[in-house]
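Quick notes on the structure that follows.
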Amino acid sequence: MAELIPERLAELRKAAGFSQAELARRVGIGQSSANRLEKGGTRNPREIIEIARVLGTTPEYLTGETDSVSPVAVSDLQLPYRAGPPETVELQEFDVSYGLGASYIHDTAVTGRKRVFSRAWIRQFTDSPFSDLFWATGNGTSMMPAILENDILLIDTQQRTPRMWDQFWALDMHGMGMIKALRPGKDGAMRITSINSDFKDEVAYDGEMNVVGRVVAIVRKV
582 MAELIPERLA ELRKAAGFSQ AELARRVGIG QSSANRLEKG GTRNPREIIE IARVLGTTPE
642 YLTGETDSVS PVAVSDLQLP YRAGPPETVE LQEFDVSYGL GASYIHDTAV TGRKRVFSRA
702 WIRQFTDSPF SDLFWATGNG TSMMPAILEN DILLIDTQQR TPRMWDQFWA LDMHGMGMIK
762 ALRPGKDGAM RITSINSDFK DEVAYDGEMN VVGRVVAIVR KV
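With positions in the sequence shown counted from 1, the corresponding number in this note's numbering is that position plus 581.
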């Protein structure tokens, strides 16, 4: 799998007039993650499609597969689905597991594959653009019995603001991914809560945690 070229990322960011902090905000990652990308610490970011969109280029340019900066020549590659029956859509499914305890995500190669789904079926769970949706596999026991190990989770990255206590969220905290419930704490803190009572709550303060998206569907084998 082609890897991100840090120099191209840094060059386009500067040309766009973005600081690392601004790029991180637009992409939805932490500033430390953006810094790590430009230093070559993360070569297979799962956010590469969003990074390319923000910088007005393509993932292929950022990984050196083409020397054409413009997305026009490869615009079909940026669509969330390939040409096919209008009633279906392809969504990315990442091998990177969001731990139901926690699992490292930044230093893990993202080897995603796409699955074809009925548009109407997906629309039962969310009206967000298909490009803002992805699948991930959870592992661990901290969210049992609500989420079981190896359940497939549909994550909506357009929903990043916790509003209800009974919802589950995909989080990035200190370079680790996790699926948790969130509760408001004191002094602006956020309590990161597990369903399994064997796991203690954690507390995150401003800037320590990035909400990747909301879990809008849980799919499991029977």
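Heads up, the beta-carbon is just placed ideally off N, CA and C, and yes, glycines get one too.
Since we're looking at a predicted model, the values are computed, not measured.
- Secondary structure note for R764: its beta strand (DSSP E) is the uninterrupted segment M757 to P765.
- Judged by DSSP secondary structure, R744 falls outside any alpha helix (DSSP H); it is assigned neither H nor E.
- Secondary structure remark: continuous alpha helix (DSSP H) runs of at least 4 residues inside the stretch 595-636, in chain order: 601-608, 612-619 and 629-636.
- Note on geometry: alpha-carbon atoms of K761 and Q612 lie some 22 angstroms from one another.
- R700 counts as exposed, since fewer than 16 other C-beta atoms from the protein chains shown sit within 10 angstroms of its C-beta.
- As DSSP reads the structure, S709 sits in no beta bridge.
- Between the stretch 762-775 and the stretch 708-715, the count of Cβ pairs shorter than 8 angstroms is below three; the stretches do not touch.
- Considering only E730, V797, W750 and N777, the residue with the shortest C-alpha distance to M790 is W750.
- The residue among E730, T718, L672 and P726 with its C-alpha nearest the C-alpha of I703 is L672.
- G769 sits in a helix when the DSSP states are folded into three classes.
- Here Y786 is exposed: its Cβ has fewer than 16 other Cβ atoms, across all protein chains shown, within 10 Å.
- The straight-line gap separating the alpha-carbon atoms of L734 and A798 is approximately 6 angstroms.
- Counting every other CB atom within 10 Å of its CB across the protein chains shown gives S614 a total of 16 or more, marking it as buried.
- In chain order, L672, Q673, E674, F675, R696, I733, L734, L735 and I736 place their CB closer than 8 angstroms to the CB of W716, counting only its own chain and leaving out the 5 sequence neighbours on each side.
- According to DSSP, residue pairing for G645 in a beta bridge does not occur.
- Our two residues, R594 and L636, have alpha carbons roughly 7 angstroms apart in a direct line.
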